[in-house]
Amino acid sequence: MMKRPAAILLGSAFVALAAFAFAATRVVAADKIDPAADAKAFQNFFFQKFPNVKREDFVNGPYSMNEDMKRQWQEKEEFPPYEFALDAGKEMFATPFKNGRTYADCFPNGGIGIRQNYPYFDEKEGKVVTLELALNRCREANGEAPYSYVKDEMASLTAYMAFTSRGKPMDIRIPDDPRALEAFENGKRYFYARRGQMNFSCASCHVQSPGERIRAEILAPALGILNALPIYRSEWSGMGTTSRRFITCNSQTRAVPLEPQADEYRDVEYFLSYVANGLPISGPGARP
Amino acid sequence: MKWSLPLAMLLLLSLAPAARAATEADFKAAYAAAEAASREATGLRNQWTTTVASLAAAKKAADGGDFDGAIAAAKEAQALAKASIFQANSEKEAWKAMEIR
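Chains as they are written, first to last, in my numbering: chain A, 1 to 288; chain B, 1 to 101.
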């Protein structure tokens with residue numbers, strides 16, 4: 001039979017070992033890249049911060065945050081300002097290239113109803129491929145010059161493709177590939193890192209302050225922010241793509257924007273789209 | 001006492017260079033330092049628009065012969081570039097404080 005002091009000593013050792021094992025697990029968990037856990041935490045943060053906003057309504061940006069604005073926007077949606085881009089995009093999408101092929105030949109399902117799957121991680125290239133990038137690659141593969149990534153034709157084409165996916169839940173996959181996890185993590189870091197002379201990160205506005213005003217604008221929540229793209233912005237007096245949105249945000253913080261479709265922008269689009277999985281595509285959108 | 005005036009003049013002359021207007025060479029040195037810091041910020045993918053604007057202002061002032069103004073703008077650009085470098089380096093870890101967990 002074990003003597004009492006020895007039993008106490010052995011018991012203490014077990015408790016200490018268990019505590020160490022628990023702490024070690026937590027450290028490993030903290031360092032591990034876990035997109036599913038990140039997405040869950042991201043969505044819960046917004047659902048708890050705005051308990052009165054319907055989950056699917058976050059994709060409507062500032063209109064989900066302010067009832068007056070929402071009413072004005074709903075009236076505007078009867079004659080939406082992006083309609084001309086939508087019509088132009090539909091026509092461009094159907095018009096064959098000089099070689100007779102079309103955009104439909106470059107995409108799964110003929111390019112219809114697939115917006116919710118972009119961006120995706122291309123395991124051959126080892127990088128994130130956005131819809132805008134895929135469209136320009138399609139053009140170049142068919143002997144056509146690439147479009148500007150920020151507006152006009154690219155915005156029209158992506159507007160039409162988004163429209164064919166309206167209501168479909170965002171469905172971004174992260175393959176079991178360390179490079180894909182790294183791209184996700186890089187996107188997350190870009191989203192949270194401060195930059196520019198204003199010392200703002202994307203999160204400063206769209207996590208810490210959604211629903212609040214910055215000058216005359218009401219800030220959109222980060223959750224679902226890309227589901228509405230491309231958008232017509234009154235501030236731009238025209239349409240803008242996801243690339244234009246990132247570039248404008250950078251400039252507003254007094255950071256020199258990166259080149260459109262830079263790895264950082266592709267990765268942050270991957271991160272923001274993944275954490276919005278399950279929320280419906282609402283693009284093309286309109287914003288003040 | 002008859003040496004006091006020449007001595008005073010010599011003293012004044014010896015101090016004169018400290019009060020002279022800036023030269024093109026002074027500007028070039030200040031601009032080169034600012035440009036080096038700016039290049040480092042660009043390498044860190046963290047350039048600020050205000051650094052670029054101050055560098056352009058320095059060049060414009062120098063082109064117009066205003067080397068005092070040009071040096072002031074170059075020093076401003078260098079200070080901004082150094083701040084952006086600090087930001088880029090500190091954010092390598094600091095971003096985690098903002099992360100939703």
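Glycine included, each C-beta is placed from N, C-alpha and C at the ideal position.
The structure displayed is predicted, hence computed values, not measured ones.
Since I believe GLY285/A is in contact with PRO169/A (beta carbons under 8 Å), could you give me their beta-carbon distance rounded to a whole number of angstroms? Incorrect: roughly 17 Å between the Cβ atoms, too far for contact.
Assuming the contact rule is C-beta atoms closer than 8 Å, VAL150/A and ILE231/A should be a hit. Round their C-beta distance to whole Å, please. Rounded, the Cβ-Cβ distance is 12 Å, inconsistent with contact.
Take the Cβ of ARG214/A as the centre, count every other Cβ of all protein chains shown within 10 Å, and call the residue buried at 16 or more, exposed below. Note on identity: in this sequence residue 214/A is Ile, with Arg being the wrong assignment. Label assigned to ILE214/A: exposed.
Is the CB-CB distance between GLU264/A and TYR190/A below 9 Å? For GLU264/A and TYR190/A, yes; Cβs fall inside 9 Å.
Applying a beta-carbon distance threshold of less than 8 Å, which residues of chain A neighbour ALA46/B? Residue 46/B is actually Asn in this sequence, not Ala. The contacting residues are ARG195, ALA255.
Three-state secondary structure (DSSP) at TYR120/A? strand
Which class does LYS151/A belong to by DSSP, given the choice of helix, strand or coil? coil
Quick one: complete alpha helix (DSSP H) runs, 4+ long, within the region 129-186 of chain A? 131-141, 152-163
Can you tell me whether MET65/A is buried or exposed? The criterion is at least 16 other CB atoms within 10 Å of its CB, across all chains shown. buried
Could you give the distance in angstroms between the alpha-carbon of SER148/A and the alpha-carbon of GLN87/B? SER148/A and GLN87/B have their alpha carbons spaced roughly 31 Å apart.
Does the Cβ-Cβ distance between PRO119/A and LEU131/A come in under 9 Å? yes
Secondary structure at VAL15/A, three-state DSSP: helix, strand or coil? Only weak support exists for where VAL15/A lies, its pLDDT of 46 falling under 50; the value from the coordinates is given anyway. Correct three-state label for VAL15/A: helix.
Residue from ALA216/A, GLU217/A, GLN197/A with nearest C-alpha to ALA53/B: In this structure, GLN197/A is the residue among ALA216/A, GLU217/A, GLN197/A with its C-alpha nearest to the C-alpha of ALA53/B.
Verify the CB distance criterion: does ASN186/A have a CB-CB separation below 9 Å to chain B? no
Beta carbon of ARG179/A, beta carbon of SER234/A: below 9 Å? no
Taking only beta carbons into account, state which residues of the region 83-97 of chain B come closer than 9 Å to chain A, listed in chain order. ALA83, SER84, GLN87, ALA88, SER90, GLU91, LYS92, ALA94, TRP95, LYS96, ALA97
Going straight from the alpha carbon of SER90/B to that of TYR192/A, what length do you get? 13 Å
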